[in-house]
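Colleague: So in our numbering, the last one in the sequence shown is 182, and the numbering has no gaps at all.
What follows is a single structure, and I will ask about it in a moment.
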Amino acid sequence: MHIRPIEHSDVPAVAAMFRALAIEFIVHESPPEAAATFLRDNDEEGFMGFLRLGHAYHVAEMDGELAGFIAVRERQHLYHMFVAKKFHGRGIARALWDVARREAIVAGGDGSFTVNASNYALPVYEAMGFERTAPMQCVNGLYFNPMKRPA
């Protein structure tokens, strides 16, 4: 496995992976309008906007294929973490998290992180040391679990 900072040429594949995984694991619980808005906000143009805002993205590759990606916003909020289904259970999320966490701390973060975990990803984040800070919430038709990982 190879983990590296995202390049602009990665954005189409990252956006496509995001869409497929979000449809299966996130927006299936949401009303159609909310799902459409969420997917539109996270399309290729959306990802380019996140990069312009300074979100720190890394991608993981296995045998030259995109296996997953992660983004941290403002050195403290885990914004995106997705691993292609065929690579689930291989430690890719953990490896991405380790790189993103280290990079955020090196860039000046204090080592504490928040995330809004989907119901599907809740066990993954718990295994990485995140704890719920509130019950499941629904904002704009999207369900998530606020979590925090102390420094």
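Built from N, CA and C at the ideal position, the CB exists for glycine as well.
Please read all numbers here as calculations on a predicted model, not as lab measurements.
Whole angstroms is fine: what's the gap from ASN73's alpha carbon to TYR88's?
Modeller: 14 Å
Colleague: Classify GLU134 as helix, strand or coil using the three-state DSSP reduction.
Modeller: helix
Colleague: What did DSSP end up calling GLY86 once you bin it into helix, strand or coil?
Modeller: The sequence shown places His at residue 86, not Gly. Here HIS86 sits in coil by DSSP.
Colleague: How would you call ASP41, buried or exposed, if buried means at least 16 neighbouring beta carbons within 10 angstroms?
Modeller: buried
Colleague: What does the Cβ neighbour count give for VAL103, buried or exposed, with the cut at 16 atoms within 10 Å?
Modeller: With 16 or more Cβ atoms within 10 Å of its Cβ, VAL103 is classed as buried.
Colleague: Alpha carbon to alpha carbon, how far is PHE113 from SER149?
Modeller: 11 Å
Colleague: With H, G and I counted as helix, E and B as strand and the rest as coil, what does DSSP make of TYR166?
Modeller: Reading off the sequence shown, one finds Pro at residue 166, where the question assumed Tyr. If DSSP states are grouped into helix, strand and coil, PRO166 belongs with coil.
Colleague: Look at the Cβ atom of PHE69, then the Cβ atom of ALA98, and state whether they are nearer than 9 Å.
Modeller: no
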